[in-house]
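For the record, the sequence lines run as chains A and B. In this text, residue positions in the first sequence follow the numbering used here: the first is 384, and each later residue adds one. In this text, residue positions in the second sequence follow the numbering used here: the first is -7, and each later residue adds one. Note sheet for the following structure.
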Amino acid sequence: MSKVGWIRLAVIVLAIGLLEVCCRTKLINPKVVIPPSEMADALVQMLISGQVNGQIARTFGIVLLAAAISIVAGFAIGVVIHAIPRVRQALDPFFATYYAVPIFIFYPVMIVIFGLSIMPIVLMGVATAVVAMIIATLNGLDRIPRVLTKVARVHRMGTVSTALRLKLPAAAPHLFTGVKLVVSYAFIGVIASEFILAPAGLGRVIADAYSDFNNRRMYAMMLLLVIVATAVNMLLHVFDQRWAERRGIGKS
Amino acid sequence: MTADAQAQQIHASLKGVTRVYPGAAGNKPVHALGPVDLDLRRGEFFAVVGPSGCGKSTLLEVLAGLQPASAGTVMFEDRSVSGEVPDGIGVVFQEDASFPWLTVWDNAAFGLRRSGVDDAEIRRRVDDALAFMGLKDFARAYPSQLSGGMRQRVCIARTLVLQPRLILLDEPFGALDAQTRLLMGDEVLRLWRRTGATVLLITHALDEAAMLSDRIGAMSARPGRFLDVVVTGWPRERDSKIVSEAAFGEITGRLWDNLRGESMKSLGYAGMAAE
């Protein structure tokens, strides 16, 4: 691990240690926040008992599905919009202000249309994430050097071959940034939707535990979400970093 | 030499070629080039110099088949060029056109892999081209790990492996410093001698044109036409040392006499140009 990595780890360990000490010495009321060691213990117990495994599978499955739909649809929509400049001009202000609108206000509408199935949650995840992928696709396509199109013509490459062998790899770093954002937004969209209204899922488990004053259960589930979301993002970040270094984009 | 023999010596030609870009959104059409006549002789090194925006790169792209001519005919090896880049033409652009996601070796092999050449032949040609361009030790490196000059050599190697008979160089050293440009000029001369290809070099640098070329076409301000064609008379075996010869100064002087007024015109100094 690099020096920066060690420093990063030390900061996390220190923060957790500080919270532990504060909870144990009652500087922080343990009825409000339980010590991290208890959170971890509760999480392990819950995982071993298997009582929430179905909810975990459901939530992460929905996140995965929402992310996959957002990546595919966002990329396809981005490509189409990029090809039609007038449409893009018309939609640009919409994209610029999209995340200023609280998307969750549409959740009741989705319930009315789709009922209490997983569909509204998937769609909320997609609605939260897809625009990030569209914007990343537009950025990536904008930044393909024009000279590559000329190189393609010198090599007598067709449209599909040019797109797959030159344009896609050239735009890939921006597309990958979109993928990273999609994963984060899909987590937020799905968990928040479950938290508000859904009948099941990790968000629901946390909300119920909160209502029942069941701190051990609530913090255990929160810890699980933090661990998974951070691990997935770290993985994507490491992959992106290695790729960027290889392509000479440098460390971020 | 008979007329037939002379015709055989013509490798590529432009006859009465013009290029007019349609005006966008109610603007007037832009007459960028011509009419231009040019005969490139087989195996010669021809440079085109001219003021900024005179249509030098347009001329190259029309000859390569990357742009259509608005009028006139473009021929390469007795065949009309239109719509697509003919087999046998290689182009090196001013911009860095290396593929950052591929290693130097894979960059060089890109065109060969597309054209269905067998693996052993690809290995032989790519290794040979990288050795020739001094990139053998960087075969596994990525373009981002190389200098600008080396990246341009990667692009030249990618062109070289395809064994083009006509090599078009569009200001390939434009982004490089003066010393590197001189050394790259030597590389291009070596390449030209070894391949026997016809070379057309577009450049804004008079010294570069004077050092490298057998003939130099000086173009007017837009719409670009040839004002003069200077024959340098250099021997085929030459390198950057010729910049210290007296004839070198005479050639660049003659080119500048042709271009000074045109450059001023292109920059909008119409009054000064008339003096």
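No residue lacks a Cβ here, since even glycine has one placed at the ideal position from N, Cα and C.
Every unbroken alpha helix (DSSP H) inside the segment 460 to 528 of chain A [4 residues or more]: Taking only runs of at least 4 residues, the alpha helix (DSSP H) segments lying wholly in the segment 460 to 528 of chain A are 468 to 480, 490 to 497 and 502 to 525.
Between residue 399(A) and the rest of its own chain, which residues show a CB-CB distance below 7 Å, the 5 nearest in sequence each way excluded? Correct list, in chain order: 419.
Around the Cβ of residue 59(B), are there at least 16 other Cβ atoms within 10 angstroms (buried) or fewer (exposed)? Flag for residue 59(B) reads buried.
State the beta-bridge partners of residue 66(B) as determined by DSSP. Looking at the DSSP assignment, residue 66(B) forms a beta bridge with 6(B).
Near-chain A residues of the segment 34 to 63 of chain B (beta-carbon distance less than 9 Å), N- to C-terminal order: Those would be 53, 56, 57 and 58, in chain order.
Residue 13(B) - DSSP class collapsed to helix/strand/coil: Residue state, collapsed to three classes: strand.
Got a sec: which bits of the segment 88 to 121 of chain B sit with their beta carbon under 9 Å from any beta carbon on chain A, in order along the chain? Sequence-ordered contacts of the segment 88 to 121 of chain B with chain A read 88, 89, 91, 92, 93, 94, 102, 103, 106 and 107 [C-beta pairs closer than 9 Å].
Does residue 636(A) pass the burial test, meaning 16 or more other C-beta atoms within 10 Å, or should it be called exposed? No answer is possible for residue 636(A): it lies beyond the span of chain A, which begins at 384 and ends at 635.
Would you mind telling me which residues of chain B sit closer than 9 Å to residue 555(A), beta carbon to beta carbon, in chain order? Those within 9 Å of residue 555(A) in chain B are 93.
How would you label residue 386(A), buried or exposed, when you count the other beta carbons within 10 angstroms and need 16 or more for buried? Around the beta-carbon of residue 386(A), fewer than 16 other beta-carbon atoms lie within 10 Å, marking it exposed.
So which residues on chain B does residue 528(A) lean against when the C-beta distance must stay under 7 Å? For the C-beta of residue 528(A), the chain B residues within less than 7 Å are, from N- to C-terminus, 87.
Which residues does DSSP list as the beta-bridge partners of residue 393(A)? Residue 393(A) is not bridged to any residue.
Pull up the distance between the alpha-carbon of residue 425(A) and that of residue 496(A), whole angstroms please. Answer to the nearest angstrom: the Cα atoms are 38 Å apart.
Residue interval of the beta strand (DSSP E) (run including residue 607(A)): In the DSSP assignment, residue 607(A) falls outside any beta strand (DSSP E) and lies within the alpha helix (DSSP H) extending over 598 to 629.
The beta strand (DSSP E) with residue 218(B) in it runs from where to where? Where residue 218(B) is concerned, the enclosing beta strand (DSSP E) stretches over 218 to 223.
Name the one or two DSSP bridge partners that residue 72(B) has. Looking at the DSSP assignment, residue 72(B) forms a beta bridge with 67(B).
Using 7 Å as the threshold, is the C-beta distance between residue 153(B) and residue 186(B) below it? Pairing residue 153(B) with residue 186(B) gives a Cβ-Cβ distance that is not under 7 Å.
Spatial neighbours of residue 624(A) within its chain, please: CB distance less than 6 Å, with the 5 preceding and 5 following residues excluded, ordered by chain position. Excluding sequence neighbours, residue 624(A) sits near nothing in its chain.
Is the beta carbon of residue 504(A) sitting closer than 7 Å to the one on residue 573(A)? Cβ atoms of residue 504(A) and residue 573(A): closer than 7 Å.
Are the segment 455 to 468 of chain A and the segment 601 to 610 of chain A touching by the rule of at least three beta carbon pairs closer than 8 Å? No, the segment 455 to 468 of chain A does not touch the segment 601 to 610 of chain A.
Can you check whether the CB of residue 48(B) is closer than 7 Å to the CB of residue 29(B)? Not closer than 7 Å, so no.
Tell me, which residues are paired with residue 160(B) by DSSP? According to DSSP, residue 160(B) bridges with 83(B) and 192(B).
In chain A, what lies closer than 9 Å to residue 289(B) by C-beta? Because chain B in this structure spans residues -7 to 267, residue 289(B) falls outside the shown range and cannot be described.
When DSSP labels each residue in this structure, what does residue 538(A) get in the three-state scheme? It is coil, neither helix nor strand.
For residue 550(A), would you say it is in contact with chain B, using Cβ-to-Cβ distances shorter than 7 Å as the test? Residue 550(A) does not count as touching chain B.
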